[in-house]
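Position one of the sequence shown corresponds to residue 20 (our numbering), numbered consecutively onward.
In what follows, a structure is listed as structure tokens, so that the remarks can point back to it.
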Amino acid sequence: MSRRPLDKLSHALRRQAQVSSLQRPSKDGDVSVSESTSTKAAGGGDGGVASACGISPSNTMGSDTSHPATATTTHPSAGAKGSEDRIIHANYSLRHALARGAPETPLTRQVKRAIQQSTGKAEALKALQVLLQADGDAPTAATFKTLSATLLQHHVEHRVGHAAFEKALTDAVGYEGDRWRHLSEEERSTFVNYTCRTTERWAERGSAYNKLLGFSQEGTDNEVVARVEYQMRKCGVPVSASSLADLMHLDVTWSTALHLYNFAGELQKHAPPPMEMTDRLMGLMTGYKSGIGGSRPWMRALALYQQALVSGYDTTLTTHTHALDALWRSADTFHRVHSLLSSSHQQWVWKNALAITQRVQDTPRLLLTGDEGCAYAESVVKALAASGRWSVAVSFLGNMDISNMDLSFRFLVPTAETYAFAMAACHTAGHAAHGEALWTIFRETYTLRSLHSEALSILLQSLRRVVRTSPIVGQLVEELVTDGKGLERQATVAALQLLSSRYVKTTEQRWVLAAKLLDMYDANPWPQQPQARKTELQTVFRCCHLISVMEEPHGKRVILQLRQHLVDVFGGSSAEVEWLDDTAIYALQVTSNWREAIAIYDAAVDRRKPEHVPYLPIPLRQAKIMLVEALARSCMAMKEDDEFFLVDEDTQEADRDAAVTLTQRALAVTRAVFRPDDTFPHHLYAELLLMQALSATTSAQRKLHAVEAMRHFSQASAGLIEHRLVAHTATALSLTEVHVENALLVGHATLRHATLSQRSDRRRPNNVHGGFDVVAW
20 MSRRPLDKLS HALRRQAQVS SLQRPSKDGD VSVSESTSTK AAGGGDGGVA
70 SACGISPSNT MGSDTSHPAT ATTTHPSAGA KGSEDRIIHA NYSLRHALAR
120 GAPETPLTRQ VKRAIQQSTG KAEALKALQV LLQADGDAPT AATFKTLSAT
170 LLQHHVEHRV GHAAFEKALT DAVGYEGDRW RHLSEEERST FVNYTCRTTE
220 RWAERGSAYN KLLGFSQEGT DNEVVARVEY QMRKCGVPVS ASSLADLMHL
270 DVTWSTALHL YNFAGELQKH APPPMEMTDR LMGLMTGYKS GIGGSRPWMR
320 ALALYQQALV SGYDTTLTTH THALDALWRS ADTFHRVHSL LSSSHQQWVW
370 KNALAITQRV QDTPRLLLTG DEGCAYAESV VKALAASGRW SVAVSFLGNM
420 DISNMDLSFR FLVPTAETYA FAMAACHTAG HAAHGEALWT IFRETYTLRS
470 LHSEALSILL QSLRRVVRTS PIVGQLVEEL VTDGKGLERQ ATVAALQLLS
520 SRYVKTTEQR WVLAAKLLDM YDANPWPQQP QARKTELQTV FRCCHLISVM
570 EEPHGKRVIL QLRQHLVDVF GGSSAEVEWL DDTAIYALQV TSNWREAIAI
620 YDAAVDRRKP EHVPYLPIPL RQAKIMLVEA LARSCMAMKE DDEFFLVDED
670 TQEADRDAAV TLTQRALAVT RAVFRPDDTF PHHLYAELLL MQALSATTSA
720 QRKLHAVEAM RHFSQASAGL IEHRLVAHTA TALSLTEVHV ENALLVGHAT
770 LRHATLSQRS DRRRPNNVHG GFDVVAW
């Protein structure tokens, strides 16, 4: 060590000893002489030790506080007069530096400045690599602290934009002059942390390729954080918890953050990690998903919440917010059509949400204001929506500031996601009117692009429950597609599902919107797990086939373009092309052309190898029922298109013959498709028989087919017999609807028993009126 720093320290110690001697009472004059002598000896010797006698413990502590570069310890070998009161002033800066690791060298300070002046994460890591490759030098705790703070600053600048970050920093300083432009490292780090916490909840997550897993993973900074953590462990320096917390705020997964959390626990074995790290880890375990997505271990998050309550630290409002998010994550499929939650689980979510909100109310220091208060209110609405309490969610939203006026007496402003989950709760319960009212209020403050991608997909998925009753579905989907801003993958799939419904009305043609949605879907990374990829692509292809059939003949362009794209990218014999061909069976749901229906079934089932039939996207029995339904729709469409009062008798006769022929063909196909061991669709076969009866030319044939239809109705479920079928049966039999309704609905069990008994007893004559003899009218 050079001579100059020791000279400065010796002068400071000598001055402190002189001040101490002046403050001593006059009766200790002889002691002052000895103090002066020892001080001179210390100054002329090593310049690191000075004795001061007669100083009380309070004065000693005050001396240490006013001069942070010194520390007081009692000398063990003092033999002169008053040796029990002698105090040694050690070099506290040197001792603290040695305790934290190796002292900083010129190369270490140069690397630290290079890290601070870097323009990106890669450049900062490259500067650290220079220090790692040097001989005799190693990173210190201060180096890692600067690195983590700089990486977090680059991350925040990339998230909000460099210009917006500098503007926010200038606004925070409040003065644009040169006098206050320079900020210390601590001040800049504090501002970066504040900006990061206020924006990370609703920020879109990135993804990066994981070499070990072999596919992309959520989070773009997982590899960066893993490398920095490895160097921290390798160097063995006691890294501060704030440095680890800064690394956790980067774009990482919860598993990477858990490694840092455990590392912080290893550094301080007798104290849990700080509450900031717990909050961040819980946020990653329960936060929104983007792009590739990932797992959300909500049970682990609730366990961390219970540990935080007994850790001794003061819990923050963010801690309770993430606990409510964990409750929502346990039931985050509440909005889906085919994912109904059990009432017991909804009651569990409701009970725990009440307990968390009551704990927040019982803590006076937790104020429901600002960004944290708005996030907390959003989590409350999410938990209420997951528990099925849509009315409570709407009333809670009404207590917030939902007006667009400048002045309000309420403290909390609902976020865009708060509105979205309240609307999703209403749609899940089937209340389209309440959802439409909330949509009107939402449009006054936000747009659909204000929502997080996962919240937007949840809102779109919930609209599938009210697609028949809500008039805003088509307008909403069309607005998303035509604004030219793109969509995330899950939102694109939800929009395609809505567009494939025949109840959605749009001003632009469906196939045009579907082509744009396919381009948006192709712009996103596709699922990489085999089963998830197959399921999602089959959903997309099914929607395209439905839209293609509904938009004939122009809708065929969508399938042709999609098939050509798949062949160009994956090849003609790829699994993706096979899935596209297999999902053509779904076109039977909406087609009304009997030729096309038979051709689709023949291509998907009859021409398929028997060993490959079980690999259809739907069971074979469902495909058969869809075929019969398509044939019934085709017969009904031909009957409805007949306008006998506008054509001559010959044309009427030809159309009637065509309808009879089609009905007979449909009955023959139904009998040929279903084997004796299959579940026969009696209600569909009976409907076809009714159509044949109404088209019959003689009264005897009409009654014969109608009685046979009643036999098949008796073997089907009574809930499938609609009023129009009762009216058609009464017309064919020349009876009143009351008589037929009593036989088919009221006496359904009696009629079924008679039918089954008549089937077992073949010796009974089968005349026209045999089906009515056993029915008590």
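Think of the CB as a built atom: it goes at the ideal place given N, C-alpha and C, for glycine as much as any other residue.
For this session: Starting from Y704, trace the alpha helix (DSSP H) both ways and give me its first and last residue.
Result: Its alpha helix (DSSP H) spans residues H701 to L713.
Exercise. Are L478 and V496 closer than 7 Å when you measure CB to CB?
Worked result: Their beta carbons are not under 7 Å apart, which means L478 does not touch V496 by this criterion.
Problem set entry | Straight-line gap, T602 to V368 (C-alpha atoms, nearest Å) | Take the alpha-carbon of T602 and the one of V368: they are about 38 Å apart.
Problem set entry | Cβ separation of W317 and T305, assumed to be a contact under 8 Å, to the nearest whole Å | Indeed, because the Cβ distance is near 6 Å, the residues count as touching under 8 Å.
Problem set entry | Buried versus exposed, by CB contacts within 10 Å (16 or more), G591 | Counting the other CB atoms within 10 Å of its CB gives G591 a total below 16, which places it among the exposed residues.
Exercise. To which residues does DSSP link S226 through a beta bridge?
Worked result: DSSP, once it has assigned bridges, lists E237 as partnering S226.
Exercise. S733 and H767 look like a contact to me (Cβ under 8 Å); what is the Cβ gap, rounded to whole Å?
Worked result: A Cβ-Cβ separation of about 7 Å places S733 in contact with H767 under the 8 Å criterion.
Problem set entry | Where the alpha helix (DSSP H) through K535 begins and ends | From DSSP, the alpha helix (DSSP H) with K535 extends over R529 to D541.
For this session: Could you tell me whether the Cβ atoms of L266 and L279 are closer together than 7 Å?
Result: Yes.
Problem set entry | Proximity below 7 Å, CB of E397 to CB of T434 | Going by C-beta atoms, E397 is nearer than 7 Å to T434.
Exercise. So what does DSSP say about R778, is it helix, strand or coil?
Worked result: Three-state DSSP puts R778 in a helix.
Exercise. N418: buried (16+ other C-beta within 10 angstroms of its C-beta) or exposed?
Worked result: Here N418 is exposed: its Cβ has fewer than 16 other Cβ atoms, across all protein chains shown, within 10 Å.
Exercise. Leaving out the 5 sequence neighbours to the left and right, which residues in its chain are closer than 6 Å to L709 when beta-carbon positions are compared?
Worked result: When the five nearest sequence neighbours on each side are left out, the beta carbons in the same chain lying within less than 6 Å of the beta carbon of L709 are those of A728 and H747, in order along the chain.
Problem set entry | Element boundaries [alpha helix (DSSP H), containing D344] | For D344, the uninterrupted alpha helix (DSSP H) segment begins and ends at L336 to R348.
Problem set entry | Delimiting residues of the alpha helix (DSSP H) encompassing K131 | Start and end: P125 to Q135.
Exercise. Taking the C-alpha atoms as reference points, what is the distance between Y194 and L585?
Worked result: If you take the alpha carbons of Y194 and L585, they lie about 58 Å apart.
Exercise. CA-CA distance, I578 and Q365?
Worked result: Approximately 42 Å between the Cα atoms of the pair.
Exercise. In this structure, does DSSP put K253 in helix, strand or coil?
Worked result: Three-state DSSP puts K253 in a helix.
Problem set entry | Distance, T769 Cα to R690 Cα | So the alpha carbons of these two residues sit roughly 26 Å apart.
Exercise. Quick one: what does DSSP say G493 is sitting in, helix, strand or coil?
Worked result: Per DSSP, reduced to three states, the secondary structure at G493 is helical.
Problem set entry | Nearest neighbour of H339, chosen from S362, T376 and S203 [CA to CA] | Answer by Cα proximity: T376.
Exercise. Hey, does H446 have any beta-carbon neighbour from chain B nearer than 7 Å?
Worked result: Protein chains in the displayed structure number just one, and chain B is not present.
Exercise. Can you tell me where the alpha helix (DSSP H) with T159 in it begins and where it stops?
Worked result: Counting along the chain, T159 falls outside any alpha helix (DSSP H), and DSSP gives it neither H nor E.
Problem set entry | Q365 (DSSP reduced to helix, strand or coil) | In this structure, Q365 counts as helix in the three-state DSSP scheme.
For this session: Report all residues from its chain with a CB closer than 7 Å to the CB of V492; omit the five preceding and five following residues, and keep chain order.
Result: L482, V486, L517 and V523.
For this session: My understanding is that T610 touches C654, with C-beta atoms under 8 Å, so please give their C-beta distance in whole angstroms.
Result: So it is not a contact: roughly 13 Å between Cβ atoms.
Problem set entry | Distance, A678 Cα to K722 Cα | Looking at the two C-alpha atoms, the distance is approximately 18 Å.
Exercise. Who are the near neighbours of L403 in its chain, counting only those whose CB is closer than 6 Å to its CB and skipping five residues on each side?
Worked result: If we look at L403 and ignore the five residues flanking it on each side, its Cβ neighbours are V411 and A412.
Exercise. Using DSSP with H/G/I as helix, E/B as strand and the rest coil, what is K524?
Worked result: DSSP places K524 in coil when its eight states are reduced to three.
Problem set entry | Rounded distance between the beta-carbons of I619 and L607, thought under 8 Å | Under the criterion of beta carbons closer than 8 Å, L607 and I619 qualify as touching, at roughly 6 Å.
Exercise. So the alpha helix (DSSP H) Y280 belongs to, where does it begin and stop?
Worked result: Element bounds for Y280: W273 to L286.
Exercise. In whole angstroms, what separates the C-alpha of E570 from that of A534?
Worked result: Rounded to whole angstroms, E570 to A534 spans 12 Å at the Cα level.
Problem set entry | Straight-line gap, V726 to A712 (C-alpha atoms, nearest Å) | Near 9 Å, if we compare the C-alpha coordinates of A712 and V726.
Exercise. Should F163 go down as buried or exposed, given a rule of 16 or more other Cβ atoms within 10 Å for buried?
Worked result: Answer is buried; the Cβ neighbour count reaches 16.
Problem set entry | Selected residue, minimal CA-CA separation from T272, among K288, M251, S309 and H446 | Closest by alpha carbon: S309.
For this session: Please state whether DSSP places T389 in a helix, a strand or coil.
Result: Note that residue 389 is Gly in the sequence shown here, rather than Thr. Looking at G389 - three-state DSSP - the assignment turns out to be helix.
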